[in-house]
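Written below as structure tokens is the structure these notes are about.
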Amino acid sequence: MLIIRTPSEMNEWSVGQCAAGNTIGFVPTMGALHQGHVELMQKSARENNFTTASIFVNPLQFNNQNDLATYPRQFDQDAKIAKDAGVDVLYAPTVNAMYPEGFTTNISVGEIANSMEGLHRPGHFDAVATVVVKLLNIVAPHVAYFGEKDFQQLAVIRHVVRDLDIPSTIVGVPTIRAIDGLALSSRNVRLTPEHLQQAPIIYLLLQQLVQSAHSVNNETLKLTSHFTEMIQSSSDARVEYVEIVNAKTLLPVSHADNTAVVCVAVWFGDVRLIDNISLVSNIA
Ligand code: AMP
Numbered sequence: 006m007l008i009i010r011t012p013s014e015m016n017e018w019s020v021g022q023c024a025a026g027n028t029i030g031f032v033p034t035m036g037a038l039h040q041g042h043v044e045l046m047q048k049s050a051r052e053n054n055f056t057t058a059s060i061f062v063n064p065l066q067f068n069n070q071n072d073l074a075t076y077p078r079q080f081d082q083d084a085k086i087a088k089d090a091g092v093d094v095l096y097a098p099t100v101n102a103m104y105p106e107g108f109t110t111n112i113s114v115g116e117i118a119n120s121m122e123g124l125h126r127p128g129h130f131d132a133v134a135t136v137v138v139k140l141l142n143i144v145a146p147h148v149a150y151f152g153e154k155d156f157q158q159l160a161v162i163r164h165v166v167r168d169l170d171i172p173s174t175i176v177g178v179p180t181i182r183a184i185d186g187l188a189l190s191s192r193n194v195r196l197t198p199e200h201l202q203q204a205p206i207i208y209l210l211l212q213q214l215v216q217s218a219h220s221v222n223n224e225t226l227k228l229t230s231h232f233t234e235m236i237q238s239s240s241d242a243r244v245e246y247v248e249i250v251n252a253k254t255l256l257p258v259s260h261a262d263n264t265a266v267v268c269v270a271v272w273f274g275d276v277r278l279i280d281n282i283s284l285v286s287n288i289a
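Heads up, the sequence shown is in the working numbering, so the first residue is 6 and it goes up one at a time.
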């Protein structure tokens, strides 16, 4: 596996492979790789001649400096995981290589980025869009893979790629979970043992919410209030938001029907976890 540190070398490699008629798959990450990332990489390796992945902890998308400082970093271990997952080229630029002195451009995404994560993390998606567009320009992949775990991020990226005519296909990959249902996340390693035990309740209650929407009452307000009450009374969780939105527009819906997805952000101590469940495939 090749490790590349500069945009020019990365782009040169990609242009060469494209000219030779090879297809390139790309998996952007912030490192601290787990099975969720591996799934994306393996899918790319199956579907393309070459697979590239990036590891870049993008400082611009962190609103919380403590989150940035404590974000897990483990490059050597990540390089091994990526290689074993079938990655051919690992692009790991420095902050200075991505944002050299004088860098000022910022993509403004618009409405789809304003709710949920965007509302609670102002500027987050503009920064995500900016770094992803830069990475897509540098790597020039035929296909780029993103996890459905970051549901709004995937929607934002699809939107930006369409709006800016970026010639890469965006593919969403279902969320990989631990056996107890907890969505895998690089931030899980920061949970205390007690919170790690409690956190699977997020997905348990999301599944129950879907059942209720199906069988009892699909009024959004009732479903979300019940979710918040249940999780806060039976664990140390603090719900930042729980929203039921249209899966395409991400606008809130009053009734949870088969166009909806439920998105949540929950704090355990100083660790913020997000998850979602789609009603699209869960309600007939
Ligand atoms: P991150 O390193 O957290 O920025 O994630 C890099 C990519 O991996 C993003 O497209 C995420 O949505 C995806 N990802 C993270 N966790 C999971 C998971 N549990 N299942 C599937 N994809 C994931």
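Ideal placement from N, C-alpha and C gives every residue a C-beta, glycine not left out.
Rounded C-alpha distance that separates residue i from residue j
i	j	result
T135	R78	22 Å
V267	I279	11 Å
A261	S120	18 Å
Y208	E106	43 Å
E199	P205	11 Å
F232	Y96	40 Å
D185	M103	38 Å
N281	S59	25 Å
Whether residue i touches residue j by CB criterion (8 Å)
i	j	result
H164	V114	yes
A221	L284	Here residue 221 turns out to be Val, not Ala, going by the sequence shown. No, they are not a contact pair.
Q203	D241	yes
R195	T75	yes
V271	I249	no
V100	T57	no
V178	E44	yes
S173	H39	no
N36	L189	It is worth fixing the name first, because residue 36 is Gly in this sequence and not Asn. No, the Cβ-Cβ distance between G36 and L189 is not below 8 Å.
A149	L141	yes
V94	L210	no
E293	H129	A question about residue 293 goes unanswered here, because the residues of the chain that appear run from 6 up to 289.
Q157	E122	yes
P98	F61	yes
Residue i, DSSP secondary structure in three states
i	result
Y76	coil
V165	helix
R10	coil
R3	Here the chain has residues from 6 to 289 only, and residue 3 is not among them.
N119	coil
S19	helix
P127	coil
N142	helix
A24	helix
At what residue ranges does the segment 218 to 277 contain a whole run of the beta strand (DSSP E), taking only runs of 3 or more?
-> 243 to 251, 265 to 273
Enumerated in chain order, which unbroken segments of the alpha helix (DSSP H) with a length of 4 residues or greater are wholly contained in the segment 81 to 111?
-> 100 to 103
With a cut-off of 8 Å, do at least 3 Cβ pairs link the segment 85 to 96 to the segment 65 to 74?
-> no
Examine the Cβ distances between the segment 46 to 62 and the segment 19 to 31 and report whether three or more of them are shorter than 8 Å.
-> Enough Cβ pairs lie closer than 8 Å, so yes.
Can you check the segment 39 to 79 for any beta strand (DSSP E) of at least 3 residues that lies completely inside it and give the ranges in chain order?
-> 55 to 60
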